[in-house]
Structure formats: structure tokens, C-alpha cells
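Chains W and H supply the protein sequences, listed in that same order. Residue numbers for the first sequence follow my numbering, beginning at 58 and rising by one. Residue numbers for the second sequence follow my numbering, beginning at 161 and rising by one. The beta-carbon is built from N, C-alpha and C at its ideal position, and this holds for glycine as well.
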Amino acid sequence: GESVGLHLPTLSVQEGDNSIINCAYSNSASDYFIWYKQESGKGPQFIIDIRSNMDKRQGQRVTVLLNKTVKHLSLQIAATQPGDSAVYFCAEPLRRTGANNLFFGTGTRLTVIP
Amino acid sequence: DGGITQSPKYLFRKEGQNVTLSCEQNLNHDAMYWYRQDPGQGLRLIYYSQIVNDFQKGDIAEGYSVSREKKESFPLTVTSAQKNPTAFYLCASSRLAGGPHEQYFGPGTRLTVT
Chain W
58 GESVGLHLPT
68 LSVQEGDNSI
78 INCAYSNSAS
88 DYFIWYKQES
98 GKGPQFIIDI
108 RSNMDKRQGQ
118 RVTVLLNKTV
128 KHLSLQIAAT
138 QPGDSAVYFC
148 AEPLRRTGAN
158 NLFFGTGTRL
168 TVIP
Chain H
161 DGGITQSPKY
171 LFRKEGQNVT
181 LSCEQNLNHD
191 AMYWYRQDPG
201 QGLRLIYYSQ
211 IVNDFQKGDI
221 AEGYSVSREK
231 KESFPLTVTS
241 AQKNPTAFYL
251 CASSRLAGGP
261 HEQYFGPGTR
271 LTVT
């Protein structure tokens, strides 16, 4: 079955609009999720994380929502800017290794249209 | 200025040659990781290390080797046995105690083998 993955591989939004990037996970025991942003040719950059005892967490212009009932995670970006254009990954811990390993989804490419 | 560095940014090699990619961190993190990223793909784990002088294979370790002689350093050697070595290589580090934790990524090394 699908582990941490993305419903949509690409997303285009107008500058100033809000963006919503979705992620599904299959391990109901996962207790921690992270969103990363990767700009072209660069390493992933941490955006925000959320633990399973929370439903929502807000950062600067970003909000992560966690729906444990349907095992769904979303990243909302408010007032999307051209600098937000990147690939966004969600990640969850890989418990089977006993280490702090993460499993990364394929990612969603966000394109902001000026 | 704490962080994780990788060098070089671009690397070109001829087929049949081994090549070593550098990764250094000054974050005092116990764990370090190597990932491979192919175009339009997610991150695949090559090797990881939780402590000096110890490391474990990830999902795609064949054709690669690592060492962890110092806490700060985790070099990756791409050997001639790796059938498709051309890729973007990412190094990461993280804390371990009290986890799970986010991983911090370096800027990546793009390896091209012809």
C-alpha cells in the first residue's frame, strides 16, 4: 500500500493565492511528520514539523494539518510567493531501523505563476 | 555558523573510476545519512551511521561504501560497481536522543559519470 506519498505531483498557483499540498501515509503508528522544501539544485530545507498529538501547527505563512483518522497530512502556504516555487516533500520516521531514519515521499512540485 | 557542507558541488568522472564525496557537519549530531536523488524522484537512503566507526546499509547500498572515523565526517565512495552512478547525492545529519528528529541536509553533490 501507499506509504508517505503525494496525491498530486505538480501544483500551479497564482501569486498571492493560498497553496495546499497533500500527503497520505499508511503507518497509523507514525507519530511525527516533517515537511521539507527543495529548491532546484539544492538540498531539502526543513519547513515545519508536527507530532501526532497535534492536529494543526502554524509557522510563518505555513500551516500543517494532520488528520489521523484518514492518515492525511497537508501543508498550506498562505499568500504564495514566487520564492515558494520548489518541490515539497513530506517525511515520516522509519521505525523498523531503530534509528532516526525518515521515509520521504516523491514530492509535489509547486509552481507560482506571477 | 553551524551547518552541514558537501564538496564538491559538481563532480565529473569517467566510468570505471571510484569517486569520494565529502560530507562534514559541525552541528554535533550523532547520526549522518547519505541519500541519492534521481530527477523527479524522492530521496533513497544509501547508508547511515548512528555513531563513530559504525554504519548500516540503507535501501540502495550496492556499489557504495562509507566510513565514519570522526563524528563530523561521513564520506561516501561511489565505486565502479555502481551501475548508474550519475545522480544528485545528499548528505544529512540529525540528533538521535529523544527523537524522532528532523534531518538537516547539505547542499548536495551532483555526480556525472560518462
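Within chain H, the residues placing a beta-carbon under 9 Å from that of Lys99(W) are Phe265, Pro267, Gly268, ordered along the chain.
Taking Glu184(H) as reference, the option from Leu171(H), Tyr224(H), Ser233(H) with the minimal CA-CA separation is Ser233(H). Residues of chain W with a Cβ closer than 7 Å to the Cβ of Gly202(H) are, in chain order, Phe146, Phe161, Gly162, Thr163, Gly164.
Around Leu171(H), the same chain offers Val179, Leu181, Thr269, Arg270, Leu271, Thr272 as residues with beta carbons nearer than 8 Å, after the five sequence neighbours per side are excluded. In this structure, Gly202(H) lies near Phe161(W), with their beta-carbon atoms less than 8 Å apart. Selection Leu132(W), Asn84(W), Asp74(W) evaluated against Ile91(W) yields Leu132(W) as nearest (Cα-Cα).
Contacts between Ala156(W) and chain H, judged by CB atoms closer than 8 Å, involve Ala191, Tyr208, Gln210, Gln216, Leu256 in chain order. Identification of chain W residues near Leu250(H) by a Cβ-Cβ cut-off of 8 Å yields Gly100, Pro101, ordered along the chain. Only residues of its own chain outside the window of five on either side were considered, and among them Pro235 have a CB closer than 7 Å to the CB of Ser227(H), listed in chain order. Within the segment 79 to 98 of chain W, those residues whose Cβ lies closer than 7 Å to any Cβ of chain H are, in chain order, Tyr89, Ile91.
Counting along the chain, the unbroken beta strand (DSSP E) around Ile104(W) starts and ends at 102 to 108.
Not a single C-beta of chain H is nearer than 8 Å to the C-beta of Asp112(W).
Going by beta carbons, Tyr93(W) and Ala148(W) fall inside the 8 Å limit.
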